[in-house]
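Numbering (our numbering), first residue to last: 7 to 107.
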C-alpha cells in the first residue's frame with residue numbers, strides 16, 4: 007500500500023487538472039495560433055505560466071485504485087497488474103479469463 011499522503015496529493019492534482027482543463031486548453035490554442043503577434047503570444051504564455059504547476063496533466067500519476075501502486079497500472083481497469091491477476095483468478099472481474107492455447 008502506498009503512503010496515503012502520496013495518494014491524496016495525486017487526488018488533489020486530479021481535481022486541479024479538472025478545474026483548469028478548459029482554461030489551459032484555450033490558452034494553448036491561442037499560443038498555437040499564428041495569426042496573433044509574437045508579443046500577444048508571449049503575454050498568453052505568461053498567463054499560462056501563472057497557472058498552478060499541478061494543473062498540468064503531465065504531473066498526474068496513474069495509480070491503482072485499490073493499493074495506490076504507481077507502476078504497472080492498466081488504464082482499462084484502473085488496477086495494478088498484481089490486483090488484476092488476483093481478482094481475475096477469483097472471478098471478480100467479469101469477462102476476464104485466463105488465456106490458454
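C-beta atoms are modelled at their ideal positions from N, C-alpha and C, and glycine is treated no differently. Just so you know, these numbers come straight off a predicted model, no measurement behind them.
In DSSP terms, what residue i is bridged to
i          : result
residue 85 : 80
Assigned exposure category for residue i - 16 Cβ within 10 Å defines buried
i          : result
residue 85 : buried
residue 79 : buried
residue 69 : buried
residue 19 : buried
Alpha-carbon to alpha-carbon, residue j and residue i
i          : j          : result
residue 58 : residue 89 : 33 angstroms
residue 55 : residue 42 : 18 angstroms
residue 72 : residue 96 : 16 angstroms
residue 52 : residue 16 : 26 angstroms
residue 46 : residue 37 : 9 angstroms
CB contact flag (residue i, residue j, <8 angstroms)
i          : j          : result
residue 60 : residue 22 : yes
Other residues of its chain near residue i: CB distance less than 8 angstroms, five sequence neighbours each side excluded
i          : result
residue 81 : 68
residue 77 : 86
residue 32 : none
residue 50 : 33, 36, 37, 42
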